[in-house]
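Visitor:
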Amino acid sequence: MSLTRTLGTCYYPEHWPEDIWAEDAARMADLGLIWVRIGEFAWSRLEPTPGDLHFDWLDRAIDTLSNAGLKVVLGTPTATPPRWMLDRHPDMLAVDPEGHPRRFGSRRHYCFSRDAYRDEAVRITRLLAQRFGRKVHAWQTDNEYGCHDTIYSYSDAARRGFRDWLAQKYQSTGALNHAWGNIFWSMDYDSFDQVDLPNLTVTEPNPAHALEFRRFSSDQVARFNGAQVAAIRAHSDAPISHNYMGRIVEFDHFTTGRQMEIATWDSYPLGVLEDRLEDSAEHKRRYARQGDPDFQAFHHDLYRAVGENGRWWVMEQQPGPVNWAPHNPAPLPGMVRFWTWEAFAHGAECVAYFRWRQVPFAQEQYHAGLLRPDSVEAEGFAEAAQVACELKDMPRVERSQAPVALVFDYDSAWSWAVQPQGEGCDYFRLVFELYRGLRKLGLSIDIIPPDTASVDGYSLVLVPGVTTLSKPLKAAIAATNAQVVLGPRTNAKTHSFSIPVPLPPAIPGLDVTVSRVETLRHDMPLAAENGGNVKLWFEQIKTSDEIIETTENGAPILVKSGHLSYLAGWPDEVLLERILIRAASIVGLNPQPLPRDIRVRNTGKTRFTFNHGPMPVEFGGQIIPAAGLLWTRT
Ligand code: GAL
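Here the numbering used here runs 6 ahead of the position in the sequence shown, where the first position is 1.
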C-alpha cells in the first residue's frame, strides 16, 4: 500500500453562513490540507423532525469542499441524537450507576443496548450512505465512543440485553453459578431473569459478575458500531474509521478496530496531561505547554495496532488551548508542528486539526481552532502551514516493525478495575509506565493485541499485567527466540475470574508460583537490593529459577529461565530502568538512557528526535530546540 502523509481539519458547515463555505474551503486547500471531516453532530439539521430529511445543505457543503480539491470524511451524527428522538424513545437514555437517566442537553446521551435507538442510528447512517456513499472519501462512525463515561449504562434495556448475553454464553444458570462462585454469599440464581446489573449492590458485587458486565458492555459497542459499518458498506467503498480517545479502556478497541479499515484518535496533549494522568505536580508543570512526553506516542502505537494493516490517523489534533481540562494553557510555540510530526513519525497517514474555526457559541467557546472566531489566523495556523511545506520533502508514510513489542489487553484492564486490590493498581498505568521506561531508553515500540499468534521479528516482548493469557499468545511466547518479560499478575485469573489452580502464573518453562499477593500504600514501597523499589503491587513467589532482582530482604522480584522472565511486582522508575536495560541488552538493543526531555522514534528510513522540554537540549552532537525536533535519514 502506497500512502501519503496528509493534513486535514474538522469543519462544521452547519455552524457558519453558507456564503463563507467556499472561502473556507479555498483557505483550507491553500493551507495544504487534504481532508476535511464534517457532519458528526449535525443530526438536528439533517432531520429537524422525524423523517423530514434536509440533506441538500450537506450535499452543497460536500460539493463546495470537493470543488476546492478537498476530500471529505463524513461522520455519522449518532453521538448527538436530536431532542425529538427522546420523545419517540423516552427509554433511549443511558442510565448512570446510581440509576439516574442521563439527560438531554449535551451529547452521547444514548444507551448502546437500546435497540430502538440503534435502529434509528442505522437508519440515518443508511440514508447518508445512500445519498453520499459515492461522494465522500472516508467515513467516521459516531464520535468518541466512551467520552463522558458513556460505555456503561444501567438501563432496563441493558439489563435485558445482559441477561440474554449471559444466557447465550452460559446456557444454564448452574453453569453461571459455578463459574462465578455464586455459592460464596448465597448469590445463586435459578433463572437468568434474576440476574441484575452489578450496580447499587450493598457492597462490591461479585467481581465475576462485574467483569462480565464490562465484557457485555464492550460487545454492545461493537454491535452498535458493526451495525453502522454494515449500513455504510452496503452503499460505499470508502474506508470507515472511528475516532478513539486517549486512555479510554472501557471497550475493546481491537474488536471494533477489526470492523473498519482505519483507526483514528483524538489527541489533546495538554488537556489529558492535566486531566488523565497521575504524575506529580512538578511533571505536570514542566510539561503543561508541551504535553506528557509519552502519552501521545503510546496512543499512536496503540492505534497503529487497532487499524487494519496498521492504518491510523489523528482525527482531532489540539491546535491551541482547549476548554475542558482543569486548566487550559496555550501550547509552547512550535508544539502544533511538533505533535503533527510526532504522529507522522509513528506512522500516521493523516493529522487533522480540531477545529477549523473557533466557535463563538455553546460549550466550546474557548477551544482554539486554526482560525479565530473572526476568521483571522490563530497561532496554530502557521505551524500547520509549516508542516504542509515540510511534507513536500517527506511525503510517504513510513512504517517498519519495531524491535520491542508490548502487549495491551482491554480484558485485563477490566480485571484490574473490578478487583484492583489496592488503590492506584490500574492496568493502563502499569502498561504505560513500562512503555515510558522503554522510550526513555531510546527504544521504538509496537503495541500488539493480546491474541497475537506470533511475535516473530521482535527482540524483546513485554507482557505486563495480562490476567488471562490467550492460547495464541501463550504459544507465541513459547515459540519465540525473543526475550519475554511477563508479570506481575500474569494468568492470575481464569476467564471467569477465579484464582486458577495450579497457582499463577503457570507458564511452561518458568518455575514460578505466586504464593501470596500484597498491595502497598504509596508511602511504603519495598526497597530493591540494588536500588529502586517495588511499589503498589508485590507477589511473593516460590521459584527455582535464576533470581535476578530481589528486595532488600531477599524476596525475588525478577526471575529468569531461558528466554522467559517473570516480574513479581510493580517496579518504580529506577528499578524498571535496570530491568529494561538488562533485558534489552541481552538481545543487543543497546539501550541508552536519554536526557529527560528527549525521545526518539525510528521508522522506515528516518530517525526522529524530539525535545519535549521547554529548553534546547544538546543530544547526539546536535542542539534540539525547545519544543522542537530533528530528523535524520538512516
Ligand atoms: C473531542 C470531541 C470533539 C470536541 C473536542 C474538544 O473529545 O470529539 O467533538 O469536543 O473533544 O477538545
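Glycine residues also receive a C-beta, built at the ideal position from the N, C-alpha and C atoms.
Exposed or buried, Arg361, counting other C-beta atoms within 10 Å across all chains shown (16 or more means buried)?
Guide: So Arg361 ends up on the buried side.
Visitor: Report buried or exposed for His333, applying the criterion of at least 16 other Cβ atoms within 10 angstroms of its Cβ.
Guide: Label assigned to His333: exposed.
Visitor: Which same chain residues, not among the five before or five after Gln427, have their C-beta less than 6 Å away from its C-beta?
Guide: Here the set comprises Thr525.
Visitor: Is the distance from the Cβ of Met456 to the Cβ of Ser476 below 8 Å?
Guide: Contrary to the premise, residue 456 reads as Pro rather than Met in this sequence. It is a contact, given that the beta carbons lie within the stated cut-off.
Visitor: Would you list the one or two residues that DSSP bridges to Glu322?
Guide: For Glu322, which the question treats as bridged, DSSP gives the partners Asp272.
Visitor: Identify, in the order they occur along the chain, each residue of the same chain with its Cβ nearer than 7 Å to the Cβ of Ile592, setting aside the five sequence neighbours on each side.
Guide: Cβ within range, chain order: Gln489.
Visitor: When you compare only the Cα positions, how much space is there between Ala512 and Tyr158?
Guide: Approximately 33 Å, taken between the alpha carbons.
Visitor: Who are Lys77's beta bridge partners in DSSP?
Guide: Lys77 pairs with Trp41.
Visitor: How many Å lie between Ile553 and Gly560 at the Cα?
Guide: So the two alpha carbons sit approximately 10 Å from each other.
Visitor: Buried or exposed: Lys611, going by 16 or more other Cβ atoms within 10 Å of its Cβ?
Guide: The residue in question, Lys611, is exposed, as its Cβ has fewer than 16 Cβ neighbours within 10 Å.
Visitor: How many angstroms separate the CA atom of Val437 from the CA atom of Arg11?
Guide: Looking at the two C-alpha atoms, the distance is approximately 29 Å.
Visitor: At a threshold of 7 Å, does Val328 count as lining the ligand GAL (C-beta to nearest heavy atom)?
Guide: The answer is yes for Val328.
Visitor: Does Ala294 get closer than 8 Å to chain C when you measure Cβ to Cβ?
Guide: Reference to chain C is not applicable here, since this structure consists of a single protein chain.
Visitor: Can you check whether the CB of Leu595 is closer than 8 Å to the CB of Thr615?
Guide: Going by C-beta atoms, Thr615 is not nearer than 8 Å to Leu595.
Visitor: Would you mind sorting Asp551 into buried or exposed? The rule is 16 or more other CB atoms within 10 Å of its CB.
Guide: It is buried - the Cβ of Asp551 has at least 16 other Cβ atoms within 10 Å.
Visitor: State the DSSP-derived secondary structure class of Glu396, mapped to helix, strand or coil.
Guide: Three-state DSSP puts Glu396 in a helix.
Visitor: So does Tyr116 have its beta carbon nearer than 7 Å to some heavy atom of the ligand GAL?
Guide: For the ligand GAL, not one heavy atom lies less than 7 Å from the Cβ of Tyr116.
Visitor: Measuring CB to CB, does Asn608 end up less than 8 Å from Ala632?
Guide: Against a cut-off of 8 Å, the Cβ pair of Ala632 and Asn608 comes out as no contact.
Visitor: Determine whether the beta carbon atoms of Glu280 and Ala336 lie at a separation below 8 Å.
Guide: No.
Visitor: Buried or exposed, going by whether 16 or more other CB atoms sit within 10 Å of the CB of Lys548?
Guide: Answer is exposed; the Cβ neighbour count stays below 16.
Visitor: With respect to the beta strand (DSSP E) encompassing Gly626, which residues constitute its N-terminal and C-terminal limits?
Guide: Note, Gly626: premise wrong, no beta strand (DSSP E); not H, not E.
Visitor: For the ligand GAL, any of its heavy atoms closer than 7 Å to the Cβ of Glu370?
Guide: Yes, the ligand GAL has a heavy atom inside 7 Å of this Cβ.
Visitor: Just tell me which of Gly386, Ser381, Thr156 has its CA closest to the CA of Gly340.
Guide: Comparing Cα-Cα distances from Gly340 to each of Gly386, Ser381, Thr156, the minimum goes to Gly386.
Visitor: Assuming Asp202 and Arg239 are in contact, meaning their beta carbons sit under 8 Å apart, how far apart are those beta carbons, in whole angstroms?
Guide: With a Cβ gap of about 37 Å, Asp202 and Arg239 do not count as contacting.
Visitor: So Gly232 and Gln146 are supposed to be a Cβ contact under 8 Å. How far apart are they, rounded?
Guide: With 8 Å as the limit, Gly232 and Gln146 do not qualify as a contact, their Cβ atoms being about 15 Å apart.
Visitor: Would you call the segment 91–105 and the segment 116–132 in contact, with 3 or more CB pairs under 8 Å?
Guide: Contact holds: three or more Cβ-Cβ distances are below 8 Å.
Visitor: Looking only at DSSP bridge pairs, what is Ile547 linked to?
Guide: Per DSSP, Val520.
Visitor: Applying the 10 Å Cβ sphere with the 16-neighbour rule, what's the burial state of Asn497?
Guide: When all chains shown are included, Asn497 counts as buried.
Visitor: Just tell me which of Arg292, Leu39, Asp69, Trp90 has its CA closest to the CA of Ser50.
Guide: Ranking the options by Cα distance to Ser50, first place goes to Trp90.
Visitor: Please list the terminal residues of the continuous alpha helix (DSSP H) segment that includes Gln650.
Guide: Residue numbering for the chain in the displayed model covers 7 to 640; residue 650 lies beyond these limits and cannot be assessed.
Visitor: Would you please state the rounded distance, in angstroms, between the beta carbons of Trp345 and Ser421? I believe it to be under 8 Å.
Guide: In fact, because the Cβ distance is near 33 Å, the residues do not count as touching under 8 Å.
Visitor: Can you round the beta-carbon distance between Ala349 and Val357 to whole angstroms, since I take them to be within the 8 Å contact cut?
Guide: With a Cβ gap of about 5 Å, Ala349 and Val357 count as contacting.
Visitor: Could you check whether the Cβ of Phe360 sits closer than 7 Å to any heavy atom belonging to the ligand FAD?
Guide: With respect to small molecules bound, the structure shown includes the ligand GAL and not the ligand FAD.
Visitor: Restricting to Cα atoms, I'd like to know which of Lys446, Ala181, Arg229, Arg343 is closest to Ser502.
Guide: Selected option, being the one with the closest Cα: Ala181.
Visitor: Between the segment 440–452 and the segment 290–306, can you find at least three pairs of beta-carbon atoms closer than 8 Å?
Guide: Yes: the two stretches touch, three or more of their Cβ pairs being nearer than 8 Å.
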